[in-house]
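Per our numbering, residue 684 is the first one in the first sequence, and the count goes up by one each step. Beta carbons are placed, not taken as given, at the ideal position from N, Cα and C, and that holds for glycine.
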Amino acid sequence: MTGAIDAATAGRPRIEVYSTLTRSKAPLVTVRPGHVGMYLCGPTVYKPSHIGHMVGPVIFDTIKRHLVFSGWTVTWVVNITDVDDKIIAESVSRGTTMRALAEEMTADYLGNLAALGVDGIDVMPKATEHIDTIIAFIEGLVAKGFAYASDGDVYFDVAKDADYGKLTNRAVDQMQGEGGSTAERKRSTADFALWKAAKPGEPSWESPWGPGRPGWHIECSAMSKAILGEHFDIHGGGLDLVFPHHENELAQSESLHGCPMATFWMHNGLMQAGSAAGKVGGRPRGGEPLDAAADAAAQAASKISKSTGAQPFTELLRRHRPEAIRLLLLSTHYRSPIHFGEEPLAESARALEAFTRVFSRYERIAGRSFHQLPRRDRRAGDLAIGAAGEEATALRARFLAAMDDDFNTAIAVATLFDFVRVVNRHIDAHTLETARSPAALETLDAMLLALRELTGVLGLFLREPRAEEGADGALVARLMELVIEIRARARAAKDFATADLIRDRLGVAGVTLEDGPAGTRWSRT
RNA sequence: GGCGCCGUAGCCAAGUGGCUAAGGCAGCGGAUUGCAAAUCCGCCAUCGUGGGUUCGACUCCCACCGGCGCCUCCA
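Next comes the structure, spelled out in structure tokens:
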């Protein structure tokens, strides 16, 4: 067993991955050596995305970064569901077309991903662009006897699938569903639609069963097969998708192909709005039918806790640094629920300052921006920070071990805080802000290089923050220079009343002054 | 009714059958500073309750209390 694993990982670090299917961790052994095929269920684009839609992408983006960093080639697919009952309903109420609405909401989604630094998605297939693939998939299931047509609909026949329910460990006869509004057309209430006949006025495509559109689960089965193959490595999504979405995808794909769909089924915890019970933007409890009234009730209910809950993500971005949001998402283990709200966000932003401070400290000392440092690859070998950097080297190892163990970003983040402390201690110990010590500087460079490497794995601090710009910015800088000089004279003359007055009044105006050994610095609050 | 998760310091949050129970925020003491800020050093938890297994459990098992998710279209 160990030999096989070694052969499959071919010198790459051993990475343990938890799978919902087996409810345990196992070494990442891929279908194709050195290559990881990863599929994440993306959004149904009918409304602007909220924070909940960002959790999966940030987590899987981080997973991809770590895999690539560790020597794998990764193909990451995130689908866009652009045909669906909810999109149709929303487009009708807005007086627009399904297509136009879907495009608008897709753009919103992509903009939010970009803001959070999620840039590793390789393919974003849309359901409407794969209708032929989907129809072929359904035909295959019908031909094999796993699906049946009924009145223009096509349903998956759960009774034909011996291990249906294995992902969520449930038996068909224990399920409570009434089968919904289409119950009389199904053989079993647990059967689910692969193809839905179009009602008058609805968007539709021609098919062997008449005009209609794909059911909810089929597109992921069809598109993942088309792009990643019948058996790929990682299939991900939010925990709320485990049932029925992934259970049904798995049933469709494995019934048709006779092989595992994905080796690992990874599910991230859901967002919780502060102390409010239940998840954001979900359905009301009690299993009420999803009609307009219930939908309205759900909206009203989420409004009660709306402070940070289901508001559009773009709204959130206006008030918070994307970096703080990303750090917050990665501070918790990905399978745990995340408590979200203004308070946690503010705390995350405060914690972030430890990093930005050490970066500017480095810049002052080395005359080089942290963001200009090159990004390293893990396979380039272990980073030798040297004897003076023994602690840093150990922390780097701890970080990597945490990430190798089912992508434990919570521990990884913790080691980074330790890392920052080690860097500050090194700077203090060698008084690097005022003294020149080539050896100590060299160590500092190596430390920051490692910090650059590790923060990059988490997708943090990738870009230079926006600097003060334009003529005003230059003017402010000059004025501040002048004010600081005047204050320095007052301090030299022991006129502390004046010095403190300047500092206090600037503080009220939103400017912070800090007196250090190398002079006074200012920053905006 | 079925499947499953969680309960760790004031708050957030990792983790382990025995080695100092990470880290962040807040707080306290100290170094530093004209005073601050920042930085550094130190302090701050026996792990929901009650049983059991074990040489030994916070970590495994059972019960209970409390919180939560899913059970057909919500990421």
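Here's the rule: buried if 16 or more other CB atoms are within 10 angstroms of the residue's CB, otherwise exposed. What is Val1191?
Counting the other CB atoms within 10 Å of its CB gives Val1191 a total below 16, which places it among the exposed residues.
Could you tell me the alpha carbon to alpha carbon distance between Val714 and Leu911, rounded to whole angstroms?
Val714 and Leu911: Cα-Cα distance of roughly 10 angstroms.
Ile1110 versus Ala1049: straight-line alpha-carbon distance, rounded:
The straight-line gap from Cα to Cα measures roughly 11 angstroms.
Once you ignore the five residues that flank Thr851 on each side, which residues in its own chain have a CB closer than 6 angstroms to its CB?
Only Val925, Phe926 and Glu930 meet the Cβ criterion.
Ranges of the alpha helix (DSSP H) found wholly within the stretch 1067 to 1146, counting only runs of at least 4:
Unbroken alpha helix (DSSP H) runs of no fewer than 4 residues, entirely contained in the stretch 1067 to 1146, are found at 1073 to 1087, 1092 to 1112 and 1121 to 1140, following chain order.
Tell me the start and end of each unbroken alpha helix (DSSP H) in the stretch 812 to 900 that is at least 4 residues and wholly inside, in chain order.
If we require 4 residues or more, the alpha helix (DSSP H) runs fully inside the stretch 812 to 900 come out as 814 to 826.
Start and end of the alpha helix (DSSP H) containing His736?
Under the DSSP assignment, His736 falls in the alpha helix (DSSP H) whose first and last residues are Ile734 to Phe752.
If I'm right that Ala1029 touches Leu1010 with Cβ under 8 angstroms, what's the distance once you round it to whole angstroms?
So it is not a contact: roughly 12 angstroms between Cβ atoms.
Helix, strand or coil at Val760 according to DSSP, with G and I counted as helix
Three-state result, Val760: strand.
My guess is that Ala1182 and Arg1170 are in contact by the Cβ rule of under 8 angstroms, so how many angstroms apart are they, rounded?
Taking C-beta atoms under 8 angstroms as the contact rule, Ala1182 and Arg1170 qualify, at a distance of about 5 angstroms.
Span of the alpha helix (DSSP H) around Ala1049
Counting along the chain, the unbroken alpha helix (DSSP H) around Ala1049 starts and ends at Glu1025 to Ala1049.
Looking at Pro731: is its Cβ nearer than 8 angstroms to the Cβ of Phe996?
Yes, Cβ-Cβ distance for Pro731 and Phe996 is below 8 angstroms.
Look at the alpha carbon of Ser904 and the alpha carbon of Gly1139, and state the distance between them as a whole number of angstroms.
The alpha-carbon atoms of Ser904 and Gly1139 are separated by roughly 32 angstroms.
Starting from Ala709, trace the beta strand (DSSP E) in both directions and tell me its first and last residue.
First-last of the beta strand (DSSP E) with Ala709: Ser707 to Pro710.
Sequence-distant residues of the same chain with beta carbon closer than 7 angstroms to Gly631, five excluded per side
A query on residue 631 cannot be resolved here, the shown segment of the chain reaching from 684 to 1208 and no further.
Please tell me whether Met944 and Ile1021 are closer than 8 angstroms, where the distance is taken between their beta carbons.
No, the pair does not count as a contact, with Cβ atoms beyond the cut-off.
Residues in the same chain with beta-carbon distance under 6 angstroms from Ile821, minus the five sequence neighbours each way, listed in chain order, please.
Result list for Ile821: Val837, Leu877 and Trp878, in chain order.
Reference Met949; option with closest CA among Ser1120, Asp1089, Pro716 and Thr1208
Out of Ser1120, Asp1089, Pro716 and Thr1208, the CA that lies nearest to the CA of Met949 is found in Asp1089.
Drop a sphere of 10 angstroms on the beta-carbon of Glu1147, count the other beta-carbons inside from all chains shown, and report buried for 16 or more, exposed for fewer.
With fewer than 16 neighbouring CB atoms inside 10 Å of its own CB, Glu1147 falls in the exposed class.
How about Gln994 and His813: are their beta carbons less than 8 angstroms apart?
Going by C-beta atoms, Gln994 is not nearer than 8 angstroms to His813.
Backbone CA spacing between Glu786 and Val700 [nearest angstrom]
If I take the Cα positions, the gap works out to 35 angstroms.
Glu1006: buried (16+ other C-beta within 10 angstroms of its C-beta) or exposed?
Taking a 10 Å sphere around the C-beta of Glu1006, we find 16 or more other C-beta atoms and assign the residue as buried.
Would you grab the beta carbon distance between Asp744 and Val801 for me? Rounded to a whole angstrom, and I think it's under 8 angstroms.
Val801 and Asp744 do touch by the CB rule: their CB atoms are close to 4 angstroms apart, below 8 angstroms.
Exposed or buried, Leu999, counting other C-beta atoms within 10 Å across all chains shown (16 or more means buried)?
That one is buried.
Among Arg1207, Thr705 and Met788, which has the Cα closest to the Cα of Phe947?
Nearest C-alpha to Phe947: Thr705.
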